[in-house]
Amino acid sequence: MEAYKIRRFEDRDHEEVREVVINSFNEMSAPLFRYALWQPGIQLAILTVFCFLFLSSESFLLSSAGLALMVLAVNRAAYHLTTKNWTEVVLKDFLNIKKTYMETSGSCFWVADCNGKVVGTIGAKPSKEKKGALEMKRFAVRMGYRGQGVGKALFRALCDFAQANGNQSIVLCTSVIHYEGLKFYERSGFKKTREYYWPSLLGKALNLLMICYRYDLSLS
């Protein structure tokens, strides 16, 4: 395993940080598509269209074409939702990472540096909903560097920062399709606090479930 170090964000990291985080969002398109296809409401809609076309046209070929178009529509919806998600990140958090995270009280951003290459990221901002809590944001590890302790090291840096700043807990919200992330959070001691569906119309259509977690810093 190549050696890496955890350090605070520097201006020269900007493009690589964007790349790592955006790639992590793009990876979610295929899992979201598969997740959506398993949702009863979507399955019912696809089956309804297929049956309607078959009964009205008595053509299996036409019905199959309609089914394929419905599946393609779900695929495009999943892609659009993930693309919209990272676009909002770029326009919001990453327009000026230094100003957003490094020049704001109680906030910070770290990278995992492997021989000058950014291979992981994690950010922290005071929670707007929970007093005394730090919100964990933009946690991502580059493909090819996962399973090597990079995520744990980034999380440890965040915990140390939170404790030094007097925070009592770390909070985050993520989607149910972030399978690796969910396993990491639960192994690390995060406890589920609530669930809700992605508030946008598209998120509701895909039945995308969001899960919120809390980590008690007294466990560190």
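Sequential numbering from 1 applies to the sequence shown in full-length UniProt numbering. Even for Gly, the Cβ is constructed at its ideal location relative to N, Cα and C.
Cβ neighbour criterion (16 or more within 10 Å) applied to residue i
i: residue 192; result: exposed
i: residue 32; result: buried
i: residue 147; result: exposed
i: residue 142; result: buried
i: residue 9; result: buried
i: residue 197; result: exposed
i: residue 7; result: exposed
i: residue 50; result: buried
i: residue 127; result: buried
i: residue 5; result: exposed
Beta-carbon proximity list for residue i, same chain, < 6 Å, skipping 5 on both sides
i: residue 185; result: 213
i: residue 145; result: 119
i: residue 122; result: 110, 139, 154 and 158
i: residue 70; result: 46 and 49
Per DSSP, the bridge partner or partners of residue i
i: residue 125; result: 135
i: residue 118; result: 113
i: residue 170; result: 134 and 215
i: residue 175; result: 210
i: residue 73; result: The partner list for residue 73 (beta bridge, DSSP) is empty, contrary to what the question assumes.
i: residue 140; result: 121
Opening and closing residue of the beta strand (DSSP E) in which residue i lies
i: residue 109; result: 108-114
i: residue 197; result: 191-197
i: residue 8; result: 5-8
Identity of the residue in the options nearest residue i by Cα
i: residue 75; options: 99, 28 and 94; result: 28
i: residue 77; options: 58, 188 and 205; result: 205
i: residue 174; options: 42, 126 and 208; result: 208
i: residue 119; options: 200, 99, 170 and 154; result: 154
i: residue 203; options: 25, 85 and 30; result: 85
i: residue 133; options: 139, 164 and 17; result: 164
i: residue 82; options: 71, 177 and 4; result: 177
i: residue 269; options: 59, 35, 58 and 64; result: In the structure as shown, the chain begins at 1 and stops at 220. Residue 269 is therefore absent and cannot be evaluated.
i: residue 36; options: 135, 73 and 117; result: 73
i: residue 168; options: 188, 216 and 42; result: 216
7 Å CB neighbourhood of residue i in its chain, flanking five on each side removed
i: residue 161; result: 108 and 124
Element boundaries [alpha helix (DSSP H), containing residue i]
i: residue 151; result: 150-164
Residues near residue i by beta carbon distance below 8 Å, same chain, minus five either side
i: residue 11; result: 98
i: residue 101; result: 9, 93, 107, 108, 109, 123, 124 and 125
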